Every structure is written in C-alpha cells, then in structure tokens.
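As structure tokens, the structure follows; a few thoughts come after it.
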Amino acid sequence: MNQQTAQTAGRQVKPANSIRMSFGEKLFTVFNYTFFTLMAFTTVFPFLNLIAKSLSSEKAVISGIVNIIPVDLQFGTYKYVIQNSMFLNSMKVSLTVTVLGTLLSLLMTTIAAYPLSKPRLRARKFFILMYVFTMLFSGGLIPTYLLMSDLHLLNKLPVLFLPAMVNVYNMLIIKNFFEGLPDSLEESAKIDGASNLRILFSITIPLSLPVLATIALFFAVQFWNDYFHALIYINSPELKPMQLYLKELFVSSSDAFLRENVDASMNVSPQSIQAASIMLGTLPILVVYPFLQKYFVKGTLTGSVKE
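Under the working numbering, think of the first position of the sequence shown as 185, with each following residue one higher.
Listed below in structure tokens is the structure:
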C-alpha cells in the first residue's frame, strides 16, 4: 500500500492547460476570438469616428478623409459646444429628468413589487394580470396627450417622467427577486414588532441592492435617451432635453447653422459640432455605466429566474 502511494506521489500529473486540443477545437477557438474581436470593433468604431470628426478641421471633415484618427487636430469644436447655452440648458434638463425620474420610478416600482411578491395578498393574481395587461395594451397617443393636457402638465418638466413612473417589466423582475428572499427574515422582524414599511426599507431593500442597482440603470438609460415624450409634450426651448436638442441639431440645415451659430475663424464644420455634441451628450451615461455594470448579471438573472 505504501509502495503504491509512493509511486502515485512520484508521478507527474499534467496540468489541465497542457491537454492538447484537437484541430476542430483550435479552429473553433480561433473563430470565436476573431468573431468577437470584429464585433467589438464594430461597436467601438462609431465612437472612434465621432471623436475623430469632432477633433478634425473643417476641411478634413468636409472632404471625407476622417475615419478613426483626427486630421488637423483642433479643440475649437468642444469649446463651442461647452459654451453653447442651448446645449448646457438641455444637459441640465436631461440630468434633472434622469435623476428625479430614476429615483421616483425606482421607488414606485419597488413599492408596487413588494406586496405583489407576497402570496398572502388577496386577489394577487388579478393585480398581476392587470399589470401585465398594460404591457400589451395602452390607451394610445391621443388619449394620453389629452390626459396630460387635462392634468395641466404640458410644457412642464414633470411630464417627462411622470407618465413612466412604473415600468411593469422592471417591476416583475424586482417582484421575482423579492420572492427569492427567505421568509424567516420577515417573520423574525414581525415578531420584533416591525411594520411592513419598516421591513421593506430596513431589510428587503438592503438585501436587494444588486437588482435595484440594475433596474436603476435601466431607468436612467430610459430617461436619458427618451426624446419622444419631449417631442410630443414640450414646446418651450427652456425645457427641451438633450436628445431633443440633438435631434433638432441634426435636422437643421448645416450651412445655415454654420453661418448663424459658428464663428468662421474657428475652423470647424457642422458635422464636427454634431459629433462633439453627441459625445458630450453620451458622456454622463457612459460615466455611470461602469459603476453599475457589475450588478447586471447578478441582479438581472436573480430577478428573472425563479427557483
């Protein structure tokens, strides 16, 4: 027995990474690396092209020779955009709508998801069915516009986030997450005399930070990218968000825009200004995304898959 143990200990076990791969496995690995590299480049290329156009001279951009490397480097485009009062105002409006809309929507969605996650709730299936019904059918654009008009919300900032306070899909994800939490925690809290609101804000929400952070990012991207509600409900220039400003910037006449808004000595083109506006308009959401990305897999999968 000791001899067999010594022989086994003396053998050299090959590490897992030294196992030879077959030709098919090597070909499959090469294909995967090539495919995903091309996909990544396809995703990054538009951003690189926009950055190059925003930093290139007017002559280089108009001639169409700018790809992903700036030609005749200049920073006058960003200087103009940052000093543009319309851009700064639209940025302020978008930031306000995104912050307020995300916080209020997350709060309302969580409050709606909590009771629906409890089997003891009377007519629970009926309420869930009513929520799901709104995912398939809506009142329509004209009735919704008339409702906003009757509520005196037209040309007011709350109209940009109040109609989207509760997202049913996000609510169902949070509900499924709540259902996966141990019932013993709530039972122990009730024995200590805690109310339902105390249990929600002191126990359930702290344990649900991954899914709540994920849903918060969903709401933030939704409010930041939304321009349709502003296009329908907003006429005042002071309340136009970033996406509506960019939309009007692109549909405006390039030559007329250049003559009216840009100093000829700046050596920039309308395409450069559009590219710089897009990059600066995308920057806030790009800054927030990396901090919440780690919650994506854990939060979404845990809330979507019910054990």
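Using N, Cα and C, we set each Cβ at its ideal position, and we do this for glycine too.
Please read these numbers as outputs of a predicted model, since none were measured by experiment.
In terms of Cβ geometry, L290 and I399 form a close pair [threshold 8 Å].
For Q258, there is no enclosing alpha helix (DSSP H), as DSSP marks it with neither H nor E.
Around the beta-carbon of N354, 16 or more other beta-carbon atoms lie within 10 Å, marking it buried. Per the Cβ contact rule, the region 456 to 466 is in contact with the region 259 to 273 (3 or more Cβ pairs under 8 Å). Excluding its 5 nearest sequence neighbours in each direction, A378 has no C-beta neighbour in its own chain below 6 Å.
In the structure shown, V265 falls within a helical segment according to DSSP collapsed to helix, strand and coil.
With a contact defined as Cβ atoms closer than 8 Å, S301 and E363 qualify at about 5 Å. Taking C-alpha positions only, L335 is separated from T282 by approximately 22 Å. Residue environment: Q458 is assigned as buried (16 or more neighbouring CB atoms within 10 Å of its CB, all protein chains considered).
With a contact defined as Cβ atoms closer than 8 Å, T286 and F403 qualify at about 4 Å. Counting the other Cβ atoms within 10 Å of the Cβ of T294 gives 16 or more, which makes it buried. Taken through DSSP and simplified to helix, strand or coil, N339 comes out as coil. With a cutoff of 8 Å on beta-carbon distance, L338 and Y411 are scored as not near each other. Of Y429, S368, K309 and L346, the smallest CA-CA separation from L356 is found for K309.
Counting along the chain, the unbroken alpha helix (DSSP H) around M426 starts and ends at M426 to V435. Judged by DSSP in its simplified three-state form, A296 adopts helix. In this structure I358 is buried. Its beta-carbon is surrounded by 16 or more other beta-carbon atoms within 10 angstroms. A straight-line Cα-Cα distance of about 25 Å links E242 and L428. Within the same chain, Cβ atoms closer than 8 Å to the Cβ of S240 are found at V250, P254, V255, D256, L257, Q258 and S456, the five residues on either side in sequence being excluded. Taking the CA atoms as reference points, R204 sits about 10 Å from K210. Counted as a single uninterrupted DSSP element, the alpha helix (DSSP H) harbouring Y353 occupies residues V352 to E363.
Annotation: T226 to L467 spans about 19 Å, alpha carbon to alpha carbon. Closest in C-alpha terms to F361, from the list E371, W408, P390 and D376, comes P390. When the beta-carbon positions are compared, L401 and L341 stay at least 8 Å from each other. For M223, the enclosing alpha helix (DSSP H) covers residues F207 to L239. The C-alpha of V316 is placed about 37 Å away from the C-alpha of V228. For S379, the secondary structure class from DSSP, reduced to helix, strand or coil, is coil. According to the DSSP assignment, R308 belongs to the alpha helix (DSSP H) that extends over R308 to L320.
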